[in-house]
Every structure is written in structure tokens, then in C-alpha cells.
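What follows is a short report on a single structure.
There are 2 protein chains.
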Amino acid sequence: MLKITRKVEYALIALRHMQSKDVDELTSAKEIANQYGIPQQLLAKTLQQMARDNILEAVQGPAGGYRILAKLDRISLKDFFEKLEGPLGMMDCYFDSDCIQIGACNIRTPIQRINDNMRNMFAQMTLQEVTQ
Amino acid sequence: MLKITRKVEYALIALRHMQSKDVDELTSAKEIANQYGIPQQLLAKTLQQMARDNILEAVQGPAGGYRILAKLDRISLKDFFEKLEGPLGMMDCYFDSDCIQIGACNIRTPIQRINDNMRNMFAQMTLQEVTQ
DNA sequence: AATATATACGACATTATTAATCGTATATAG
DNA sequence: CTATATACGATTAATAATGTCGTATATATT
Ligand code: FES
Ligand code: FES
């Protein structure tokens, strides 16, 4: 439990890889996939999603690829996680209130407190710190 | 991602339920399962595990059940989670070092830093705070 | 002693989620 | 025109979480 997904892992690997390059140099999904042993298509989809989220810029065609578009020190880890994986809740009923026992439940409030702590922690770390 | 398991959720519900009772009063798995709509057998196994971990005391036979044994203000959420679900790592390779790309990986150190933050956060909260 | 009810626990089955692949379309450098 | 790259929905595979079953043991009650 409390694991991050491979998607996020791959995204971080890719960002860190690009960070170590010249700012407007392009990196293809293939290059990263090969270097780190990541399934290329899966990585590509993740990079595409990051492009939709304006974290990366994509350039099509041969010699195309991706480069970092956003200011990584302006994006919190919380926002990054939520962009990729949706709302961050330790339990499903943190957001959805269609939980069967929403009435009987005796831990909803305490869990929300823990969850707030967690979200707060991730809100205070930037992508820059992780990938620099 | 970053979800807690139902096992942990059920354990917290059970603890909170018992906390609201007299200290040496016994509570059966059945009682809790019925009241909160939890699968009885699954809950029972979780309570048994907590008994093995000396968080609860179990009493067999009819009119048996469980009661809180440990001082909940002495058990951190981190220890509680790890008792129930094993080592707390956001990625598998935080503990196991049999990761394929342990050499090539460029995010191992940063991820460990995030993970340390998370473990630290859970180490600073006690079970008491959650279930009181 | 017999019975009913509770814990104890390994093995199995089911379900949900995550991870990976496939197929097809579009863009563009050479 | 061709090779190579992104774009992306649909599908399958793999893994992990969740739930159930079967059986054993303890013990209060009758
Ligand atoms: S389990 Fe859904 S509200 Fe508590
Ligand atoms: S992915 Fe395993 S060490 Fe980074």
C-alpha cells in the first residue's frame, strides 16, 4: 500500500533525464525507454499526457521528441501526482461520497486528517527538488 | 495510488470502536462486522493478526472477543502500518534491491528522500490520535 | 457430555487495479 | 516517398487486493 505507480515513476525518470540536458534539446520516448529499460509505448503515452498537461512540449516527426516546458519549481509534487493519477486520497471515500457506510463509518474524519497531512507534505515539495 | 488497504481501514474502524468502550470489555469480530458492514472473516483475520502483534488481546470461546492491549499513544502510525502491511515504501526497490535497473536508475535517491518524508510523517502520528 | 459460539489460520477463489501491448492515425524531416 | 516520431483509443496480461471456504481449537452454557 501507499505505493506510487510505474506511470509516475517513469514520468520522474523522464523528467530527470531531460533536466540533465540542454533546455531546448529534444528527447524521444525511444531514447529514454532504451536507456532505462522502460516499455516504450507506455512511456510515450505518459509523455503525451504530460504534454497535454503543459509540463512538456512535444515535437512531431523524425528528429522530434519532447522537452520540458513548465517551470518545475512551480509545480508541487501534489499537483504533479494529481495531474497524472487524479485526486490524491488514501481512501476512495475521501472524494467520492458514495461509500456504503458513509453514515456508520467512525474513521472518516480521522482519515481525512491523515490525508490532509499527506497532501500537505506533497504540496510543499516541488518537482524541481525531485528531478534536479 | 498512495492508497491504504481495506485491511488497515478495517483495523482502524475496529480500534476506534473498541476505544469507545470500557477498557476490558470484549468485542467480537461479528459485532464490528455487522455494525460497519465489513466481511466478518476478513475482519477476524485482521484482528487475529493484531492480536499476534500484541495490539489486541484475544479471548476464545463463547462470549469471547478482543480488547485493546497496547498503549495506543505509544504506537506510531508508521509502526502500525508496517505491522499490518510490511515495510512502507513508495516503490518496491526502496527495500528490495533486486530492481532490474538499479544501476541505470536516476531517481532512486530522490524517491528515497520523498519516502523518508512520508515515513517521517507517519512516524510522528500515533494510533491514539486517529482512533480517539 | 453435548452444544453453541467464538477465535485461529492456511488455502483457495474472486475482483479490481495496474501495466503493457496493439492497431491505426497524423506530422514532418530528409 | 519513406522512415521515424508523436497521438491515442482499445484491448490484453499481469499483479495485487479482497473475500470466501474448510477445518481446527478453545470454552461458556446447558
Ligand atoms: S469507509 Fe467510507 S466513509 Fe469511512
Ligand atoms: S526503479 Fe528501482 S532503483 Fe529506481
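Quick mapping for you: the protein sequence lines, in order, are chains C and F. The opening residue of the first sequence carries number 1 in our numbering; numbering runs sequentially from there. The opening residue of the second sequence carries number 133 in our numbering; numbering runs sequentially from there. Backbone N, C-alpha and C fix where the C-beta goes; we use that ideal spot for every residue, glycine too. These numbers come from a predicted model, not from an experiment.
Check                                                                                                                                                                        : Outcome
Look at the Cβ atom of F/Glu141, then the Cβ atom of C/Met118, and state whether they are nearer than 8 Å.                                                                   : no
Going along the chain, which unbroken runs of the beta strand (DSSP E) with 3 or more residues stay wholly within the region 173 to 211 of chain F?                          : 188 to 191, 197 to 200
Relative to the C-alpha of F/Arg319, which candidate in F/Ser152, F/Ser160, F/Phe254 has its C-alpha closest?                                                                : Any answer about residue 319 of chain F is impossible in this case: the structure gives chain F only from 133 up to 264.
Since C/Asp116 is in the alpha helix (DSSP H), which residue starts that stretch and which ends it?                                                                          : 108 to 123
Given this structure, state the Cα-to-Cα distance separating C/Arg52 from F/Ile145, to the nearest angstrom.                                                                 : 40 Å
Residue range of the alpha helix (DSSP H) that F/Ala165 falls in?                                                                                                            : 161 to 168
Please report the distance separating the alpha-carbon of F/Ala195 from that of F/Glu163.                                                                                    : 11 Å
Does C/Lys45 get closer than 8 Å to chain F when you measure Cβ to Cβ?                                                                                                       : no
If we cut at 8 Å on Cβ distances, does C/Gln35 have a partner in chain F?                                                                                                    : yes
Please determine whether the Cβ atom of F/Ile207 lies at a distance below 7 Å from any heavy atom of ligand 1.                                                               : no
Would you please verify whether the beta carbon of C/Ala104 is less than 8 Å from any beta carbon of chain F?                                                                : yes
Report the option in F/Thr263, F/Arg138, F/Pro242, F/Gln151 whose CA atom is closest to the CA atom of F/Leu209.                                                             : F/Thr263
Could you confirm whether any beta carbon from chain F is found closer than 8 Å to the beta carbon of C/Leu2?                                                                : yes
Counting only C-beta atoms, is C/Glu31 closer than 8 Å to chain F at any point?                                                                                              : no
Does the Cβ of C/Ala29 have 16 or more other Cβ atoms within 10 Å, making it buried, or fewer, making it exposed?                                                            : buried
Quick one: what does DSSP say F/Thr263 is sitting in, helix, strand or coil?                                                                                                 : helix
For F/Gln151, I'd like the list of residues in its chain whose CB is within less than 6 Å of its CB, leaving aside the five on either flank, ordered along the chain.        : Thr263
Distance, Cα to Cα, C/Tyr36 vs C/Ile68?                                                                                                                                      : 19 Å
If we cut at 8 Å on Cβ distances, does F/Ile246 have a partner in chain C?                                                                                                   : yes
List, in chain order, every chain C residue whose beta-carbon is nearer than 8 Å to that of F/Cys242.                                                                        : Reading off the sequence, residue 242 of chain F comes out as Pro, not Cys. Those are Leu12, Arg16, Glu129, Val130, Thr131, listed as they occur along chain C.
To the nearest angstrom, how far is the alpha carbon of C/Leu2 from that of F/Gln260?                                                                                        : 21 Å
Is F/Ile239 close to chain C? Criterion is C-beta to C-beta, closer than 8 Å.                                                                                                : yes
Compare the C-beta of F/Val155 with all C-beta atoms of chain C and state if any pair is closer than 8 Å.                                                                    : no
Within the same chain, show all residues whose beta-carbon is closer than 6 Å to that of F/Glu189, passing over the 5 residues directly before and after it, in chain order. : Arg199, Leu201
Spell out whether any CB of chain C is found under 8 Å from the CB atom of F/Met222.                                                                                         : yes
Chain F partners of C/Thr5, CB-CB under 8 Å?                                                                                                                                 : Met133
Determine the chain C residues that contact F/Val140 at a beta-carbon separation under 8 Å, and present them in chain order.                                                 : Met1
Which residues in chain C sit within 9 Å of F/Met182, going by Cβ to Cβ distance?                                                                                            : Going along chain C, no residue has its Cβ under 9 Å from F/Met182, so there is no contact; the nearest lies around 15 Å.
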